[in-house]
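S.K.: I'd like to ask some things about the structure below.
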Amino acid sequence: MNKVYADANTAIKDITDNAVLMLGGFGLCGIPENSIAALVAAGVKNLTCISNNAGVDDFGIGLMLKQKQVKKMIASYVGENAEFERQLLSGELEVELIPQGTLATRCMAAGYGMPAIFTPAGVGTEVANGKEKRVFNGKEYLMEYAFDADFAIVKAWKGDTDGNLIYKDTARNFNPLMAMAGKITIAEVEHLVPAGELDPNYIHTPGIYVQRIFQGSNYEKRIEQRTTKSPLSP
Amino acid sequence: MNKVYADANTAIKDITDNAVLMLGGFGLCGIPENSIAALVAAGVKNLTCISNNAGVDDFGIGLMLKQKQVKKMIASYVGENAEFERQLLSGELEVELIPQGTLATRCMAAGYGMPAIFTPAGVGTEVANGKEKRVFNGKEYLMEYAFDADFAIVKAWKGDTDGNLIYKDTARNFNPLMAMAGKITIAEVEHLVPAGELDPNYIHTPGIYVQRIFQGSNYEKRIEQRTTKSPLSP
Amino acid sequence: MALTKEQIAQRIAQELKDGYYVNLGIGIPTLVANYIPAGINVVLQSENGLLGMGPFPFEGEEDPDLINAGKQTITTVAGSSFFDSAMSFGMIRAGKVDLTVLGAMEVSDAGDIANWKIPGKMVKGMGGAMDLVASAKNIIVAMMHTNPKGESKLLPQCTLPLTGKRCVKKIVTELAVLEVTENGFKLLERAPGVATEEIISKTAGKLIVDGEVPEMKL
Amino acid sequence: MALTKEQIAQRIAQELKDGYYVNLGIGIPTLVANYIPAGINVVLQSENGLLGMGPFPFEGEEDPDLINAGKQTITTVAGSSFFDSAMSFGMIRAGKVDLTVLGAMEVSDAGDIANWKIPGKMVKGMGGAMDLVASAKNIIVAMMHTNPKGESKLLPQCTLPLTGKRCVKKIVTELAVLEVTENGFKLLERAPGVATEEIISKTAGKLIVDGEVPEMKL
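Residue numbers (the numbering used here), protein chains in the order written: chain R, 19 to 252; chain G, 19 to 252; chain X, 991 to 1208; chain P, 991 to 1208.
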């Protein structure tokens, strides 16, 4: 069975209007740039996007927002995006904000076949509204459900033809969790190698979770907050 | 803060009678040989041991059973041990058998701060007796609680002085899960290196989970089922 | 002629499809790996934490850190990966393993399976079997049609403690291939030369025989 | 004299103990890293998936794949490790992080905290703040004593949507160090030269002043 696709356009070809998508990355770090560009080009609409952030005005998921392709955004932090704000206030965009750890764990739960998890995040806040509460060992928890996504779209550093993935540094973030969670998982990688080249001890996402993989190209890897120190500072 | 201990005897010194211990390994693969030897030498008694298996008659946890140090064994499979059988039938040993995936996930739950998880394993069997059942999306699940262990004792391939751990091949098994789950986690490693020598992208257990680490010695690594093929077979 | 254990494995191997991820239990199921049809790529999962299990190692090349769920020394193939037991059972629970083949002491005509405990005798434990049968999308049981006393292992109801309920999809024995349907065992194929009457006489659970039953092709 | 932001960070740094794993939020909390006392080894956790965060990189050495939870380019120190976001919040929920320092818009005298949303204005989201405050063993808030309008941020009850309930242990402002007790804010230390009366006048929540209040040592 061949998992290797030529490029982003062919890999995302069957994503249709109204699909539920997970998109990996934290901020602009480790986002599936090629796939997002292909989704923008394809013009699919009414998408539900599960992603920690919503990109910035002119990059990442922001590009899909600009084209009004997103019906609903499920995220933990969306504070870097004026177009997002405009669509939210005008009622064009539906938004569900959930704690970052809850977002991560609901992805993992899907990949681990756990229908629900318990977390203390959000107890006593508006996040708890309408959710089942439960006390364990004197501490209150909320029950949160596993996500149910049609497609997970992730970005990895290296991948092999069997779909095994390795991420680099903090570009790992949500990518391995979403890779486990999609009904169909599409991985774009900076370096695609033949099966057998990656050390099996250091695979972050085993290939069983990945249905499609392609070698990405022209990564921009934009930096949101370029912070540096001068050679003289402590 | 120094996490490095001289040897197994000093690392397990404060484990007292009646302690609840997790011990890593699957069969005899990846078991903390040095720590088990030290526990046998220390002679602590009435232990509750959480481990997938109970060793064999003369190796692994079997050595502790022989000395009657174990009050209760929580495991998924104990079929390789005649002394175990004798103590079980004579009522000397209390045994709780639970599905392997449930055992693994209850360890992970402890390390991930999740008080309970849901699994379909055991539904409709005697494992479900007395447990809370719940239906999600038409499928029945059991609620299983996170383990609560005083000490987790694990074996890794490489470790550094900050407690970061890397496991080798299938000797990984339960080790990283238990490493996350102990109130105090003791890691024995084949190769102890200074912090900074291990690639941060390939750490299996981050040091935050490990309180004590020592360089093990004289690993026997016994094989239970030596299966080979001759050079002529397919 | 009743099938040999190797032939049971061979017949089960015909159920494999290209790209399948498969978990093979101890005993006859392990032998299935020897009969994977040409042109079909199958990845073997070992629930102790490996995808891409290979054959046994050459003598002298055994590695105590590399074993399968039966604690046998093994090897890996290209594209393999190691992971912890939580992820291993996570992918099983999430339905990522396409096929599970395992042995059984008893199977009921509703698809219940018993294979982990004989009360009064030694209890070895369920290992990963309960997780596998509770989660696998497709479960094939490989076993003998009768126990050593000659009693049918295909029953109206299991008499031994269950491993899982209503989970077995297919059974391959030395005599027959049977499918578990809503109305009981359906006889799909006979072993070459085995009469339908013999299968009927050795099946205690409800058996559906629908017209002429073809012989297996091996 | 009221403290500068750097001095608030400096005072908070005195709470660090050798071997602590610490999560520092955006803003003043980030500055705490610059004042870790000599001889004390502290490991910084960044909830996007890093233990062992180091200082900003030299110019030209920024790596877009290596950022902190504030999306700033950073470096690592020896002994660091990367992991996914589920493990990151797993270790937070499991209480493995010894100390969390974060900013706040409001804190109540029961220890409630609000720092993620102003109704009617833009909602940016809670990020990891709700997970952190619900789970951390020890939470110190670093903030100004009053808002830009001069209104106290230490209240009998928060007016903004909560981030977490009864979780803040200590507050360090430009004027004071306060502990959250069962009976309200307890004034522990005054900023050098700041009168107790000023702190009383700028604290809207219940404030306990127990005898002579010492000045901070910086």
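Note that CB positions come from ideal geometry on N, CA and C, so glycine has one too.
Please state whether the Cβ-Cβ distance between residue 172/G and residue 45/G is less than 7 Å.
M.R.: Residue numbering aside, residue 172/G sits at position 154 when the second sequence is read from its first letter. Residue numbering aside, residue 45/G sits at position 27 when the second sequence is read from its first letter. No, the Cβ-Cβ distance between residue 172/G and residue 45/G is not below 7 Å.
S.K.: What would DSSP say about residue 229/G, mapped onto helix, strand or coil?
M.R.: Here residue 229/G corresponds to residue number 211 of the second sequence, with the count starting at 1. Residue state, collapsed to three classes: coil.
S.K.: For chain X, is any of its Cβ atoms less than 7 Å away from the one on residue 64/R?
M.R.: The residue you call residue 64/R lines up with position 46 of the first sequence. Not closer than 7 Å to any Cβ of chain X, the Cβ of residue 64/R fails to qualify, so no.
S.K.: Can you give the beta carbon distance from residue 1091/P to residue 1015/P, rounded, assuming they're within the 8 Å contact cut?
M.R.: As a first step, residue 1091/P must be located in the fourth sequence, where it is residue number 101. As a first step, residue 1015/P must be located in the fourth sequence, where it is residue number 25. Residue 1091/P to residue 1015/P, Cβ: 6 Å. Contact.
S.K.: Within its chain, find whatever has a CB closer than 6 Å to the CB of residue 1155/P; leave out the 5 residues flanking it on each side and keep chain order.
M.R.: Here residue 1155/P corresponds to residue number 165 of the fourth sequence, with the count starting at 1. Result list for residue 1155/P: 1102, in chain order.
S.K.: Please report the distance separating the alpha-carbon of residue 1188/X from that of residue 1097/X.
M.R.: As a first step, residue 1188/X must be located in the third sequence, where it is residue number 198. As a first step, residue 1097/X must be located in the third sequence, where it is residue number 107. One C-alpha to the other measures close to 18 Å.
S.K.: Would the beta-carbon of residue 165/R fall within 7 Å of that of residue 124/R?
M.R.: Working through the first sequence from its first residue, we reach residue 165/R at position 147. Working through the first sequence from its first residue, we reach residue 124/R at position 106. Yes; because the gap between Cβ atoms is below 7 Å, this pair is in contact.
S.K.: By Cβ distance, which residues of its chain are closer than 7 Å to residue 1158/P, with the 5 residues on each side in sequence left out?
M.R.: Locating residue 1158/P in the fourth sequence gives position 168, counting from the first residue. Result list for residue 1158/P: 1097, 1101, 1103, 1129, 1131 and 1170, in chain order.
S.K.: CB residue 1033/X to CB residue 1002/X, shorter than 7 Å?
M.R.: Counting from 1 along the third sequence, the entry for residue 1033/X is found at position 43. Counting from 1 along the third sequence, the entry for residue 1002/X is found at position 12. Their beta carbons are not under 7 Å apart, which means residue 1033/X does not touch residue 1002/X by this criterion.
S.K.: In the DSSP output, which residue or residues are listed as bridge partners for residue 203/G?
M.R.: Residue 203/G sits at position 185 when you count from the first residue of the second sequence. 170/G.
S.K.: Can you name, in chain order, every residue of its own chain whose Cβ lies under 6 Å from the Cβ of residue 175/R, other than the five neighbours on each side?
M.R.: Position 157 of the first sequence, counted from the start, is the residue given in the question as residue 175/R. 184, 185, 186 and 208, listed in sequence order.
S.K.: Smallest Cα separation from residue 1018/X: which of 1046/X, 1049/X and 1164/X?
M.R.: Residue 1018/X sits at position 28 when you count from the first residue of the third sequence. Answer by Cα proximity: 1164/X.
S.K.: With a cut-off of 7 Å, does the C-beta of residue 38/R fall near any C-beta of chain G?
M.R.: For this step, residue 38/R is matched to residue 20 along the first sequence. It does not: the Cβ of residue 38/R has no partner Cβ on chain G nearer than 7 Å.
S.K.: Thinking residue 242/G and residue 51/G are a contact (beta carbons under 8 Å), I'd like their distance in whole angstroms, please.
M.R.: Numbered from 1 along the second sequence, position 224 holds the residue referred to as residue 242/G. Numbered from 1 along the second sequence, position 33 holds the residue referred to as residue 51/G. Between residue 51/G and residue 242/G the Cβ distance is about 14 Å, and since that is not below 8 Å, they are no contact.
S.K.: From the DSSP output, in three-state form, read off residue 1180/P for me.
M.R.: Working through the fourth sequence from its first residue, we reach residue 1180/P at position 190. DSSP places residue 1180/P in strand when its eight states are reduced to three.
S.K.: Would a check of beta-carbon distances place residue 159/R closer than 7 Å to chain P?
M.R.: Against the first sequence, residue 159/R aligns to sequence position 141. Cβ-Cβ to chain P under 7 Å: no for residue 159/R.
S.K.: I'd like to know whether the C-beta of residue 154/G is nearer than 7 Å to at least one C-beta of chain R.
M.R.: As a working note, residue 154/G is residue 136 in the second sequence. Yes, residue 154/G counts as interfacial toward chain R.
S.K.: Find out if the Cβ-Cβ distance for the pair residue 30/G, residue 57/G is shorter than 7 Å.
M.R.: If you number the second sequence from 1, residue 30/G lands on position 12. If you number the second sequence from 1, residue 57/G lands on position 39. Cβ atoms of residue 30/G and residue 57/G: closer than 7 Å.
S.K.: Kindly say whether residue 136/R, judged by its beta-carbon, lies nearer than 7 Å to any beta-carbon of chain G.
M.R.: For the purposes of this step, residue 136/R is taken as residue 118 along the first sequence, with counting starting at 1. Yes, residue 136/R counts as interfacial toward chain G.
S.K.: For residue 126/G, which residues in chain X fall below 7 Å Cβ to Cβ?
M.R.: Walking along the second sequence from the start, residue 126/G turns up at place 108. Neighbours of residue 126/G on chain X, chain order: 1076.
S.K.: Return the residue from the list 1192/X, 1082/X and 1099/X that minimises the CA-CA distance to residue 1139/X.
M.R.: Indexing the third sequence from 1 puts residue 1139/X at position 149. Of the listed residues, the one whose Cα sits closest to residue 1139/X is 1192/X.
S.K.: For residue 187/G, go through chain R and note every residue whose CB falls closer than 9 Å to its CB, in chain order.
M.R.: As a position in the second sequence, residue 187/G is number 169, starting the count at 1. Correct list: 218 and 219.
S.K.: Does the distance from the CB of residue 1039/P to the CB of residue 1070/P come in under 7 Å?
M.R.: What you label residue 1039/P is simply residue 49 of the fourth sequence in a count that begins at 1. What you label residue 1070/P is simply residue 80 of the fourth sequence in a count that begins at 1. Cβ distance not < 7 Å, so residue 1039/P and residue 1070/P don't count as in contact.
S.K.: Where do the ends of the beta strand (DSSP E) carrying residue 1035/X lie?
M.R.: As a working mapping, residue 1035/X is identified with position 45 in the third sequence. 1033–1036 is the span of the beta strand (DSSP E), which, as asked, contains residue 1035/X.
S.K.: Give, in chain order, every unbroken run of the beta strand (DSSP E) that is at least 3 residues long and sits entirely within the segment 1027–1105 of chain X.
M.R.: Segments of the beta strand (DSSP E) lying fully in the segment 1027–1105 of chain X: 1033–1036, 1040–1043, 1066–1072, 1089–1092 and 1096–1098.
S.K.: Along the chain, which unbroken stretches of the beta strand (DSSP E) at least 3 residues long are found entirely within the segment 52–92 of chain R?
M.R.: List check, beta strand (DSSP E) in window: 65–68.
S.K.: Could you please give me the residues that DSSP links to residue 161/R through a beta bridge?
M.R.: Counting from 1 along the first sequence, the entry for residue 161/R is found at position 143. BP columns for residue 161/R point to 136/R.
S.K.: Please list, in chain order, the residues of the segment 1081–1102 of chain P that have any C-beta partner in chain R closer than 8 Å.
M.R.: Answer in chain order: 1082, 1083 and 1102.
S.K.: Would residue 1027/X count as contacting chain G if we go by Cβ distances under 7 Å?
M.R.: Residue numbering aside, residue 1027/X sits at position 37 when the third sequence is read from its first letter. False, the Cβ-Cβ gap to chain G never drops below 7 Å.
S.K.: How long is the line joining the alpha carbons of residue 121/G and residue 139/G, rounded to whole angstroms?
M.R.: For the purposes of this step, residue 121/G is identified with residue 103 of the second sequence, where counting begins at 1. For the purposes of this step, residue 139/G is identified with residue 121 of the second sequence, where counting begins at 1. C-alpha separation (whole angstroms): 11 Å.
S.K.: Run down chain P in chain order and give the residues with a C-beta less than 8 Å from the C-beta of residue 226/G.
M.R.: Walking along the second sequence from the start, residue 226/G turns up at place 208. Those are 1011, 1033, 1035, 1041, 1081, 1086 and 1087, listed as they occur along chain P.
S.K.: Please check the pair residue 225/R and residue 181/R, which I expect to be a contact at CB under 8 Å, by giving their CB distance rounded to whole angstroms.
M.R.: Taking the first sequence and counting its residues from 1, one reaches residue 225/R at position 207. Taking the first sequence and counting its residues from 1, one reaches residue 181/R at position 163. Residue 225/R to residue 181/R, Cβ: 3 Å. Contact.
S.K.: Using a Cβ-Cβ distance cut-off of 7 Å, determine whether residue 50/R contacts chain P.
M.R.: Within the first sequence, the letter at position 32 stands for residue 50/R. With 7 Å as the cut-off, residue 50/R does not count as an interface residue toward chain P.
S.K.: Kindly indicate which residue of 119/G, 77/G, 213/G and 22/G has the alpha-carbon position closest to the one of residue 101/G.
M.R.: Translated into the one-based positions of the second sequence, residue 101/G becomes position 83. Looking at the Cα atoms, 77/G is the closest of the given residues.
S.K.: Give a yes or no on whether the minimum CB-CB distance between residue 196/G and chain R is below 7 Å.
M.R.: Position 178 of the second sequence holds residue 196/G. Not closer than 7 Å to any Cβ of chain R, the Cβ of residue 196/G fails to qualify, so no.
S.K.: Out of 998/X, 1030/X, 1029/X and 1058/X, state which residue places its alpha-carbon closest to the alpha-carbon of residue 246/G.
M.R.: The residue given as residue 246/G occupies position 228 in the second sequence. When only C-alpha atoms are compared, the closest one is 1058/X.
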